[in-house]
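Enquirer: Going by UniProt numbering, the residue at position 414 of the sequence shown is 414; the numbering climbs one at a time, nothing skipped.
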Amino acid sequence: MVSIAACKKADELKVVGEFSFRPGNVTISPSGKVFATVHPLVSTSTQLIRVTGEKTFVPFPSSEWQRDAKSMATDHSFDTPLGVTVDEAGILWVIDLGLGLGKTRLFAFDSETGAETFSFTFPESLAPKGSFIQDLAVDLKNGFVYLADIADPGMLVVNVNAKTARRFKSHPSFASENTDMVIDGKVINFGGKPARVAINPITISADKETVFYGAMNGKTWYSISAKAIRDGLSDDAIFATIKVVGNKPISDGVATDATNDHYFTNIPDKGIDVWNNKKNALEMVIRDSRLDWSDNVAIGKDGYLYIVFEAGGQPEGAESPFSGNPLPKGQPDFIAESWFNYGANEGTLRLLNLWDKHGIKVTSHIVGQAAVRNPSVVKAIADRGHEIAAHGMYWSSQWHLNYEDEKKFIKEGVDVVEKITGKRAVGYNCNWMRRSKNTLKILQELGFSYHIDDVSRDEPFFVKVKGRNFTVIPYTMRNNDIVNLEGKGWSPDQFLQQLKYDFDALYEEGKNSRRMMSISLHDRMGGMPSIAQVIDQFIQYAKKQSGVVFMRKDEIAKIIATDSRVPVDNTELEFNK
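In structure tokens, the structure reads:
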């Protein structure tokens, strides 16, 4: 459940809007209109909204700009927007991460009429695939936009009038500090290690002459000369203007008022703090137990601070059909846990029996921690002849880790599962398919033969990693139980029809070219009785056609390893040298 709330200093929190989708960022226009993004990691048919009531909203700037979950974004529709802010003239600025398109875009709209006033696509040299450019600050007076990239720590600057951009990186102030993020007495871990998130909150002074910023995982607040940047000085000359302003909390967002007081979300203490410019001190504004991981803050002309937060959305919790209503801290969420236990208790065995019935061997991507919790289930998968592939040590992201930490994260998961099953994984799947720039090099170093974090083709292909072929067995979003059944609310019949349509088209194309069809099932969903019936019927349907084979992914990788006809994709070559 996403809540948008408002408060004044020493005032209580007031709910402005409460919705069923996961939060992104919030902003408010000079006329008092409230806008919010839907978090880009959620599959929905709406990406940006204007709040019209406590439980109502309309898509902004129009329904045409919203991307259906089944389609790709266009020049005039959103892909995965996150950061939003409204400038003094009422122009709404939106940073679109481009997680699906593979390119980052900046848009601007009139917040009253919805008319598009600006668009800019970052060149890949400045914002390559894997960038996570989330927060932004706008200088309407001089026509510049300042943005923070947490994936490759740095600051990007867009000259609005010239439609050019520049990236600043490799300065210590952009990096995460070595400070833990502690919530309710627990250190928050990403990838099995204490979280270390780089530059994220960013804002600009009232006179537009100074940009302020800091790391999410950091307690130091920095400033840099906006004039030096506008004047096009060298990196060294610009970096020479960087100063320490004062302290900040571990924070995911910030906003600055007309007196240059900076209001921060305070993640560990569940509240809002302010850097009081006159007192040169950090002060508390509000504490409220509902403010679990406040993502950002905006300042309205009504004197209120607008905050977006997700009830129950702290990292240690996992999403389930019940997670919209969080339980009090310290109370185990038994029903949510049982949702995941269904896969271990029922779903996996049902699917294993189905594969046995048809004489099919499949690939199972296993999280290390899941194997530790359910060793007998994982061993049963291996003992029945199915491929044991890797899925990391924990159910968490790895794209933000440095080379050695990511390597340890991958290897630890592989080692744990091998100890239980006796099988060493040669295939890999990242959490939410989101790799770092080093992932493929690490996989090659660890002896993997393929990965699946790609949806660009309907056949296996090669990428060059350090001059050698590395196999890609593409994943699927369209034949995926979580995406279609949980995300879109499809019926079993709709899912079966999708599988048949996909198969028929690929089978016809297969008369003239190599075709491969992937199906993604998760034990807690694909293992439900109705969906197991769907898969049973589909297998029978596919088997009626000649030349159809069901294969493990490692078998596919072996078959194509020496095949000169396999296409080579050099899209990511610059990262894999």
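Quick reminder that beta carbons are idealized off the backbone N, C-alpha and C, glycines included.
1. Can you list, in chain order, the residues of its chain with a C-beta nearer than 6 Å to that of residue 382? Leave out the 5 residues immediately preceding and following it.
2. Once DSSP output is grouped into helix, strand and coil, what is the label at residue 387?
3. Round the Cβ separation of residue 404 and residue 436 to the nearest angstrom and send it over; I've been treating them as touching at under 8 Å.
4. Note down, one range per segment and in chain order, each alpha helix (DSSP H) of at least 4 residues found wholly within the segment 384 to 452.
5. For residue 227, collect the residues of the same chain with a Cβ closer than 7 Å to its Cβ; drop the 5 residues on either side in sequence, then sort them by chain order.
6. Sort 89, 158, 348, 198 by Cα distance to residue 230 and report the nearest one.
7. Closest to residue 542 by C-alpha separation, out of 353, 160, 506, would be which residue?
8. Return the CA-CA distance between residue 589 and residue 56, expressed in angstroms with no decimal places.
9. Near residue 550, what residues of its chain come up, given a Cβ to Cβ distance below 7 Å and the 5 sequence neighbours on each side ignored?
10. Quick check: the Cα distance between residue 106 and residue 244, rounded to an integer number of angstroms?
11. In whole angstroms, what separates the C-alpha of residue 511 from that of residue 155?
12. Could you tell me whether the segment 16 to 28 touches the segment 65 to 76, where touching means 3 or more Cβ pairs closer than 8 Å?
13. Mind checking whether residue 122 and residue 103 have CB atoms under 8 Å apart?
14. Figure out for me which residue from 40, 575, 357 has the closest Cα to the Cα of residue 133.
15. Expressed to the nearest angstrom, what Euclidean distance is found between the alpha-carbon atoms of residue 495 and residue 488?
16. Only counting the same chain, and skipping five residues up and downstream in sequence, which positions put a Cβ closer than 8 Å to that of residue 479?
17. Please identify the residue among 472, 283, 119, 439 whose C-alpha is closest to the C-alpha of residue 409.
18. Within a Cβ cutoff of 6 Å, which residues of the same chain sit near residue 126, ignoring the five residues on either side of it in sequence?
19. Tell me, please, whether the CB atom of residue 357 is closer than 8 Å to any CB atom in chain B?
20. Suppose you measure from the CA of residue 36 to the CA of residue 82; what does that come to, to the nearest Å?
21. Is the number of C-beta pairs between the segment 453 to 463 and the segment 565 to 573 that are closer than 8 Å three or more?
22. Considering just the uninterrupted stretch of the beta strand (DSSP E) at residue 17, what are its terminal residues?
23. Applying the 10 Å Cβ sphere with the 16-neighbour rule, what's the burial state of residue 15?
24. Let me confirm a value: residue 562 is counted as buried when at least 16 other C-beta atoms fall within 10 Å, else exposed. Which label applies?
25. Beta-carbon within less than 8 Å of residue 475's beta-carbon, same chain only, minus the 5 sequence neighbours each way: which residues are those?
26. Considering only residues of the same chain and omitting the five flanking positions on each side of residue 314, which have a CB-CB separation below 7 Å?
27. Hey, would you say residue 200 sits closer than 8 Å to residue 150, going by beta carbons?
28. Return the Cβ separation of residue 137 and residue 242 in integer angstroms, given the expectation that the two are a contact with Cβ distance under 8 Å.
29. Out of 44, 93, 32, 28, point me to the one whose CA is closest to residue 19's CA.
30. So what does DSSP say about residue 76, is it helix, strand or coil?
31. In this structure, what does DSSP give as the bridge partners for residue 105?
32. Roughly how many whole angstroms lie between the Cα atoms of residue 202 and residue 274?
33. Taking residue 493 and residue 531 to be in contact with their CB atoms under 8 Å, please state how far apart those CB atoms are, rounded to whole angstroms.
34. How should residue 592 be labelled, buried or exposed, when 16 other C-beta atoms within 10 angstroms of its C-beta is the threshold for buried?
35. At which residue ranges does the segment 344 to 376 contain complete alpha helix (DSSP H) runs of 4 or more residues, listed in the order of the chain?
36. What's the C-alpha gap between residue 367 and residue 143?
Expert: So, from the listed chains and residues:
1. 388, 421, 423
2. strand
3. Wrong, their Cβ atoms sit about 12 Å apart, outside the cutoff.
4. 403 to 421, 439 to 445
5. 209
6. 158
7. 506
8. Only positions 1 to 577 of the chain appear in this structure, which leaves residue 589 out of reach.
9. 360
10. 29 Å
11. 50 Å
12. no
13. yes
14. 40
15. 11 Å
16. 498, 499, 502, 517, 518, 519, 520
17. 439
18. 165, 167
19. Reference to chain B is not applicable here, since this structure consists of a single protein chain.
20. 9 Å
21. yes
22. 14 to 19
23. exposed
24. exposed
25. 429, 433, 452, 453, 454, 455, 518, 520
26. With a pLDDT of only 34 at residue 314, under 50, the local geometry of the prediction cannot be trusted, and no value is derived from it.
27. yes
28. The pair is not a contact, with the Cβ atoms about 16 Å apart (cut-off 8 Å).
29. 44
30. coil
31. 96, 121
32. 14 Å
33. At roughly 11 Å, the Cβ-Cβ gap does not stay under 8 Å, so residue 493 and residue 531 are not in contact.
34. It is not possible to answer for residue 592, since the shown part of the chain is limited to 1 through 577.
35. 348 to 358, 368 to 373
36. 47 Å
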